[in-house]
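K.L.:
In mature numbering (1 follows the signal peptide of the UniProt record, and there is no 0), the protein residues as written are -34 to -1, 1 to 477.
1. State the Cα-Cα distance for the pair residue 337 and residue 289, rounded to the nearest angstrom.
2. Note the first and the last residue of the continuous beta strand (DSSP E) segment covering residue 188.
3. Hey, residue 409 and residue 381: beta-carbon distance below 7 Å or not?
4. In this structure, how does DSSP classify residue 140 when only helix, strand and coil are distinguished?
5. By the three-class DSSP mapping on this structure, what secondary structure does residue 378 have?
6. Should residue 12 and residue 45 be called a contact, given that it needs their Cβ atoms to be closer than 7 Å?
7. According to DSSP, is residue 195 part of a helix, a strand, or is it coil?
8. Measure the C-alpha to C-alpha separation of residue 276 and residue 268 and round it to an integer number of angstroms.
9. Return helix, strand or coil for residue 397, following the three-state DSSP convention.
10. Within 10 angstroms of the Cβ of residue 155, are there 16 or more other Cβ atoms? Answer buried if so, exposed if not.
11. Helix, strand or coil, according to DSSP, for residue 466 in the structure here?
12. Taking residue 39 as the reference, give the member of 395, 31 and 49 with the closest Cα.
13. Exposed or buried, which one is residue 112 when buried takes at least 16 other CB atoms within 10 Å?
14. By the three-class DSSP mapping on this structure, what secondary structure does residue 471 have?
15. For residue 463, which residues of its own chain have a beta-carbon under 6 Å away from its beta-carbon, when the five flanking residues on both sides are left out?
16. Report yes or no: do three or more beta-carbon pairs, one from the region 301 to 312 and one from the region 420 to 435, lie closer than 8 Å?
17. For residue 267, which of helix, strand or coil comes out of DSSP?
18. Determine the closest residue to residue 394 out of 163, 177 and 311, with distance taken between C-alpha atoms.
19. Please confirm if the region 6 to 23 is in contact with the region 270 to 285, defined as three or more CB-CB distances below 8 Å between the two stretches.
20. Nearest to residue 362 by CA position, among 344, 388, 373 and 346, is which residue?
21. Would you call the region 184 to 204 and the region 136 to 143 in contact, with 3 or more CB pairs under 8 Å?
22. Between which two residues does the alpha helix (DSSP H) holding residue 259 run?
23. Hey, how far is the Cα of residue 105 from the Cα of residue 348?
24. Which stretch, first to last residue, makes up the alpha helix (DSSP H) that contains residue 296?
25. For a test of the three-state rule: what should DSSP assign to residue 51, helix, strand or coil?
26. For the 8 Å Cβ check, are there 3 or more pairs between the region 151 to 170 and the region 224 to 236?
27. Check whether the region 82 to 93 touches the region 246 to 253, taking contact to mean three or more Cβ pairs, one atom from each stretch, closer than 8 Å.
28. Spatial neighbours of residue 315 within its chain, please: CB distance less than 6 Å, with the 5 preceding and 5 following residues excluded, ordered by chain position.
29. Could you pull the start and end residues of the alpha helix (DSSP H) that residue 210 belongs to?
30. Evaluate residue 344 with the Cβ neighbour count: other Cβ atoms within 10 Å of its Cβ, from every protein chain shown; 16 or more gives buried, anything less gives exposed.
31. Going by the CB atoms, is the gap between residue 318 and residue 379 shorter than 7 Å?
32. How many whole angstroms separate the CB atoms of residue 218 and residue 83, which I take to be in contact at a CB cut-off of 8 Å?
33. Could you check the C-alpha separation between residue 440 and residue 432 for me, to the nearest Å?
34. Does DSSP put residue 121 in a helix, in a strand, or in coil?
35. Can you tell me which residues form a DSSP beta bridge with residue 62?
36. Go through its chain and collect everything with a Cβ distance to residue 417's Cβ below 7 Å, but skip five positions before and after it.
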């Protein structure tokens, strides 16, 4: 998606765009991850939060348990805030306040229970339920410990045999041929027990290639101020078909209608983390990752970076607090067995050598050009345990490939590469609501290929842990050396800054 205003964008559009982000002053009490090297300090972005401006915050407990989380909630209330959502498993509270001194006050009232607090955006809160109606203890994790519900997918046709039929547009899906998806599907189309969370802008519930594979019972909207909202169809798309396109690549059904996804027999949950203005704020992503863990999803796809910063810096307290809250959510989801896959980004940026960010904050009237350092990270892509995916462009009409010109790169930052330029998949019209098919480009389009491959892997090897799956994904990728005479590409044939361990191989991972 593209908008005239400098708003946060997903990691893909029909023509790939640059990714952007933001920064704050003040907020953290301490930060264990703060930069301590000789790298330059990142440039603060001054954000005035006056009395009367309703702002969203994350408040992190020193110890992640229900008791400490409750102390943080009391500190929020004592500081003139309202608890919007609590996640006691990770010790994170999402709060709203219209007090200019809220950050300092919540730290003072916390009796050492508060580790850090940070505003999650530069713009005031405009979405969601009025905070005066919010209960003191949000739905949080405590309401979702009964386990995942059984899938409610409507009238699902009987499973076709692997590779049984050729859908009308399957022949034009060169991207599937590049990663050997048809060969893998000749063995298996994936297991119905595998569930992929599509953290995105929603999935069209009516698309003929997708509706049979949408797990309605485990779908959710997280853009209502970061609270899980399971109102019927709250997870559907409203202003973007980005999630619908991503979903088609992962698991468009084999049904003789349109296209076929990498794993056409697995289920997908629509986890809506993109609001109607196109932003993915930290509290939305935290909700999405926690939901994935609570529902015991197997894989998530994350074709975005979290707003309003392209890079969240450890030496800027507000940014550090939000980054820590997201990190906790990702880590907790991984411990529940979730493999998280993310797009590397579309700025043609060397993420291993960061120097400047020209697009942050993207929810402000205009961005501030700022110095950044290598402790400033694209999240979730650069968080530990997340599979980071670079984008490939097809060479002519062959199955050869080069790095897409927009794709971010960096030695030690890219795990694998997958097709991301001119990818044909499912679409949904924001104007008419009609379902269809179309082409998009971006690392957003590369990441779901890997999520689909991971779903195939989990189908074939259900006992493998997230760490085992990531290790095998990289070990079984097809090595791709750096292009000749390209100084920006560094490393070895098996691990370099452009392609990581290489091009994902759908057939190799199911053996």
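All C-beta atoms in this analysis are idealised placements derived from N, C-alpha and C, irrespective of residue type, glycine included.
A quick note: this is a predicted structure, and the numbers were derived from the prediction, not measured.
P.N.:
According to the data block:
1. 18 Å
2. 186 to 190
3. no
4. helix
5. coil
6. no
7. strand
8. 15 Å
9. coil
10. buried
11. strand
12. 49
13. Caution is warranted here: a pLDDT of 24 is assigned to residue 112, below 50, making its placement in the model unreliable, and the coordinate value is therefore given only provisionally. So residue 112 counts as exposed.
14. coil
15. 375, 376, 377, 455, 456 and 457
16. yes
17. strand
18. 177
19. yes
20. 388
21. no
22. 248 to 260
23. At residue 105 the pLDDT is 28, less than 50, meaning the model places this residue with poor confidence; the figure from the coordinates comes in the next sentence. Answer to the nearest angstrom: the Cα atoms are 29 Å apart.
24. 283 to 301
25. strand
26. yes
27. yes
28. 374
29. 208 to 217
30. buried
31. yes
32. In fact, because the Cβ distance is near 43 Å, the residues do not count as touching under 8 Å.
33. 12 Å
34. Bear in mind that a pLDDT of 28 at residue 121, under 50, signals an unreliable position, so the model cannot answer this.
35. 22 and 48
36. 162, 216, 265, 267 and 307
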